[in-house]
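Per our numbering, the very first residue in the sequence shown carries number 1; after that it's consecutive.
Even glycine gets a Cβ: it sits at the ideal position worked out from N, Cα and C.
The block underneath contains the structure these notes are about, expressed in structure tokens.
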Amino acid sequence: MEALFGLPALVLMALLGINSVKVTSGGQSRLVERLGKYDRQLQPGLSLVLPVLEKVVSHESLKERVLDIPPQQCITCDNVAIEVDAVVYWQLLEHARAYYAVDNLQAAMVNLVLTQIRAEMGKLDLDQTFTTRQEVNEALLKELDQATDPWGVKVTRVELRDIQPSRGVQQAMEQQMTAEREKRAVILRSEGERESQLNAARGRAEALVLDARAKQEALLLEAQAQAQQQTLLAQARADAATRLAEAIQANPQAAEAMRLLLAGDWMAMGEQMAHAPGGSVLMVDPQSPAALLTALRGLQQGQS
Numbered sequence: 001m002e003a004l005f006g007l008p009a010l011v012l013m014a015l016l017g018i019n020s021v022k023v024t025s026g027g028q029s030r031l032v033e034r035l036g037k038y039d040r041q042l043q044p045g046l047s048l049v050l051p052v053l054e055k056v057v058s059h060e061s062l063k064e065r066v067l068d069i070p071p072q073q074c075i076t077c078d079n080v081a082i083e084v085d086a087v088v089y090w091q092l093l094e095h096a097r098a099y100y101a102v103d104n105l106q107a108a109m110v111n112l113v114l115t116q117i118r119a120e121m122g123k124l125d126l127d128q129t130f131t132t133r134q135e136v137n138e139a140l141l142k143e144l145d146q147a148t149d150p151w152g153v154k155v156t157r158v159e160l161r162d163i164q165p166s167r168g169v170q171q172a173m174e175q176q177m178t179a180e181r182e183k184r185a186v187i188l189r190s191e192g193e194r195e196s197q198l199n200a201a202r203g204r205a206e207a208l209v210l211d212a213r214a215k216q217e218a219l220l221l222e223a224q225a226q227a228q229q230q231t232l233l234a235q236a237r238a239d240a241a242t243r244l245a246e247a248i249q250a251n252p253q254a255a256e257a258m259r260l261l262l263a264g265d266w267m268a269m270g271e272q273m274a275h276a277p278g279g280s281v282l283m284v285d286p287q288s289p290a291a292l293l294t295a296l297r298g299l300q301q302g303q304s
């Protein structure tokens with residue numbers, strides 16, 4: 001009989017001994033109550049809990065966690081309905097305070113975040129909700145960190161994940177964006193046409209300037225050519241007269257030969273005068289070759 005009663009006692013003691021040994025992993029925390037009153041927090045490693053007298057009432061992670069905030073309806077200061085959701089990164093720093101200060105910690109944090117998001121969105125108009133998202137995240141982080149400090153919780157980061165206006169507001173925004181794009185397109189098109197016209201006008205003006213410069217340079221070159229030609233002809237005549245004078249001065253018989261040549265020209269001129277209409281009278285000194293050449297030249301110009 002003693003053996004039979006002793007066996008269950010040994011089994012019971014073994015079970016109680018097994019249940020009294022607690023192994024806590026790294027990054028984890030256990031709270032122990034003794035006779036219904038908080039006693040201690042078990043650190044990572046092997047710990048003993050007295051059977052019947054002590055009890056593990058909470059087992060939580062001390063690692064950073066992510067809290068998903070569901071979408072909710074908010075009203076901006078310009079009375080536009082939007083839907084906002086977010087994510088919150090938080091960490092449990094004081095397990096005992098979180099367990100005894102608030103019931104259902106995560107539900108309390110979700111409602112707190114929703115309330116703060118509504119408050120922040122109510123301070124902004126629709127355009128500011130898209131352009132000041134970073135400022136809103138920082139404001140939410142500051143407010144939530146202060147609000148959750150009595151719970152032994154540290155909020156490390158808050159991110160607004162998505163902001164969705166109502167369907168009517170989205171359509172109005174799309175129409176506004178379309179109008180803005182069309183306006184920019186018209187402005188760019190008009191600027192392009194104006195630039196094209198300016199370029200064409202500049203091109204025509206430059207062409208006229210180049211054409212005028214070309215004509216001016218052509219006239220200058222032609223004038224220079226004619227002046228050079230006249231200069232060369234005058235120089236040639238001067239050289240010829242000089243050589244003729246030198247020849248006559250050097251050889252007296254050259255003057256007689258010149259008179260014979262001029263006499264031939266005289267005969268030819270006589271024939272031209274005979275055929276001239278209305279007749280012509282030519283007064284010339286046959287002894288002066290220069291006078292004879294001048295008379296012949298004047299007769300030829302008169303007939304032409």
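Rounded to the nearest angstrom, the Cβ distance from Leu-92 to Glu-60 is 6 angstroms, consistent with a contact under 8 angstroms.
By the Cβ test, the stretch 178-188 is not in contact with the stretch 115-126, since fewer than three Cβ pairs between them sit closer than 8 angstroms.
In this structure, Leu-126 lies away from Thr-178, with their beta-carbon atoms at least 7 angstroms apart.
Unbroken alpha helix (DSSP H) stretches of 4 residues or longer found wholly inside the stretch 48-135: 95-101, 105-121 and 126-131, given in chain order. Burial of Val-88 is indicated by the presence of at least 16 other C-beta atoms within 10 angstroms of its C-beta. In this structure Gly-27 is exposed. Its beta-carbon is surrounded by fewer than 16 other beta-carbon atoms within 10 angstroms.
Boundaries for Gln-43: no beta strand (DSSP E) harbours it, and the DSSP string shows neither H nor E there. With contacts defined by Cβ atoms closer than 7 angstroms, Leu-112 and Ala-86 do not form a contacting pair. According to DSSP, residue pairing for Gln-28 in a beta bridge involves Ser-61.
Between the alpha carbons of Arg-194 and Ala-200 lies a gap of roughly 10 angstroms. By the beta-carbon neighbour count (other beta carbons within 10 angstroms, threshold 16), Gly-122 is exposed. A check of alpha carbon separations from Lys-55 across Pro-44, Val-158, Arg-65 and Glu-33 identifies Glu-33 as the nearest. Of the residues Asp-68, Cys-74 and Ala-96, the one whose Cα lies closest to the Cα of Gln-43 is Ala-96.
As computed with DSSP, Val-153 is found in a beta bridge with Leu-92. The beta carbons of Ser-58 and Tyr-100 sit no closer together than 7 angstroms. When DSSP states are grouped into helix, strand and coil, Leu-198 belongs to the helix group.
The criterion of a C-beta distance shorter than 7 angstroms is not satisfied by Val-158 and Trp-90. With contacts defined as CB atoms closer than 7 angstroms, Ser-166 and Ala-107 fail to qualify as a contacting pair. Between Val-136 and Leu-144, the beta carbon gap of about 12 angstroms keeps them out of contact (Cβ cut-off 8 angstroms).
In chain order, Glu-120 place their CB closer than 8 angstroms to the CB of Ala-139, counting only its own chain and leaving out the 5 sequence neighbours on each side.
For Trp-151 against Leu-114, the beta-carbon gap comes to about 17 angstroms, at or over 8 angstroms, which does not count as contact.
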